[in-house]
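Report on one structure; see the data block that follows.
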Amino acid sequence: MILNNVKVAGTDEQVNIRVDKNMIAQISPLSLTDGSLQLTFVNAVIFPGLINSHDHLDFNLFSPLGNKTYSNYTEWGKHLHETYKEEIAAILKIPFLMRVQWGIFKNLICGVTTVVNHGERLGLGNNLITVFEQCQSLHSVHFEKQWRFKLNNPFKLNLPATIHIGEGSDELASGEIDELTRWNLFNKKLIGIHAVAMSQYQAKKFKAIIWCPESNYFLLNKIAPVNILEKNAAVLFGTDSTLTGNWDIWQHLKFARATKMLDDRPLYHTLNQNPAAIWQLNCGEIARGKDADLVVANTKPGKTSYDSFFSIGPADLLLVVHKGNIRLFDETLLTQLKAIDLNKYSKICINGSYKYIQGDLPGLIEKIKGYNPEVNFPVSTA
Ligand SMILES: [Zn+2]
């Protein structure tokens, strides 16, 4: 497959890219031929498939729950279970794997090709996107039973531990960070999710922190100070689930950019090269020999390259490729994709724009609505 006439995000380079099986094989300003499928774009940007470093795939049918500013996650958790019993039960009665499948589609529709799932290991095997689980998920210091023992489990020392940490603006949230690092007896690689209460000094004990600014703002009216934490730990980006934010990662990114905590370039790297390095993935970069996890999107002419990247939304996506496979494409590409087997795809509409997505999303939505007709989806089925 050759992708012609695309501008690499963050640069002014107009290139053609050849994908061979699951890899990026060639990038050149000159025209390329290999006799296979050619797709030619106009005013389009290409970027590595996004890496969403924090989500709970099974929690994305919830609406945001919470109605005040909380001091920390334990206060929110308690309030949630006291106040929203019925809302929670109405979602949890939908079978777990159906909820997870929607979580995968939610990410794919936005151009996420790798998602780090927090929670029990799903072990789903091949999927539409990479569901990364090669880490030890610990919920948090206050909600994970026997976390000290699990953290120091001699059989799991080689796995990085991802844990919600410092999710609050009070003593409990800042104190638990020191408690965690004090108990990291074997200096295991720690990846802290949220880190709202974290200081620059505390960040030294973490390999990376995962910034979920929209979720933090929703719960705590406060976000992690990534402008100072980035000096001592890599910053990765996460959406968390729709329990605490929008389904659309592009909305999270627009919010993050507006905070001006990170410049455009480091913010962009929280979605690709930083997480690829931390999770040890062969993606996150448009370079020869990297996995062909690629997204092409429409851009408006005249914008600077980062302006055009951060103004993207799901409706603008033209093509999502995961490991060399076309997972989603805009209907305007149909004339160039005459040979594609449309039986593998279903047609959906998102903000007035029609896309073909691999798999039976309409069937899944119908099954979920069979359990709970009240659930709202951001896409309609055509
Ligand atoms: Zn979370």
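Each residue of the sequence shown is one higher than the one before, starting from 6 at the first, in the working numbering. Quick reminder that beta carbons are idealized off the backbone N, C-alpha and C, glycines included. None of these values were measured; they are calculated from a predicted model.
Pick from the options that is closest to residue i, judged by C-alpha positions
| i | options | result |
| --- | --- | --- |
| L62 | N112, V380, L55 | N112 |
| A297 | T16, N27, N277 | N27 |
| A208 | L195, C217, P218, E219 | L195 |
| S246 | L66, L258, P34 | L66 |
| L127 | K83, I114, T119, F137 | F137 |
| L272 | L133, W216, N9 | W216 |
| A261 | N377, F315, Q151 | F315 |
| P230 | D253, L8, V201 | V201 |
| N279 | T304, G294, A213, F46 | A213 |
| M203 | Q139, N189, I32, S179 | S179 |
| L85 | Q31, L248, P165, T118 | L248 |
| F382 | I22, I168, W107, P34 | W107 |
Strand pairing of residue i, partner residues [DSSP]
| i | result |
| --- | --- |
| M6 | Beta-bridge pairing links M6 to no other residue. |
| M1 | Past the boundaries of the shown model lies residue 1; the chain is included only from 6 to 387, so the question cannot be answered. |
| C354 | Y359, S385 |
| N122 | D60 |
| S174 | BP columns for S174 are empty, so no partner. |
| D335 | K360 |
| K12 | Q19, V50 |
| T5 | Because the chain spans 6 through 387 in this model, residue 5 falls outside it and cannot be assessed. |
| S33 | N21 |
Supposed contact pair residue j and residue i - C-beta distance, whole angstroms, cut 8 Å
| i | j | result |
| --- | --- | --- |
| I198 | G250 | Between G250 and I198 the Cβ distance is about 14 Å, and since that is not below 8 Å, they are no contact. |
| F52 | V300 | 6 Å |
| N57 | V121 | 7 Å |
| V11 | V20 | 6 Å |
| I109 | N132 | 6 Å |
| L333 | I373 | Their Cβ separation, rounded to whole angstroms, is 20 Å, which puts L333 and I373 out of contact at 8 Å. |
| N377 | K90 | That pair is no contact at about 15 Å. |
| T118 | L55 | 7 Å |
| K193 | L162 | 6 Å |
Simplified DSSP state of residue i, which is helix, strand or coil
| i | result |
| --- | --- |
| A344 | coil |
| K98 | coil |
| W216 | strand |
| N321 | With the sequence shown as reference, residue 321 is identified as Asp, and Asn is not the correct amino acid for it. Helix, per DSSP. |
| Q141 | strand |
| P53 | strand |
| G108 | helix |
| A200 | coil |
| I182 | helix |
| T309 | coil |
| F67 | coil |
| N221 | helix |
| A166 | strand |
| V231 | helix |
| F242 | strand |
| N77 | strand |
| L133 | coil |
Which residues count as close to ligand 1 when the rule is a CB under 6 Å from any of its heavy atoms, in chain order?
Going along the chain, the residues that qualify are H59, H61, H123, H169, I198, D245.
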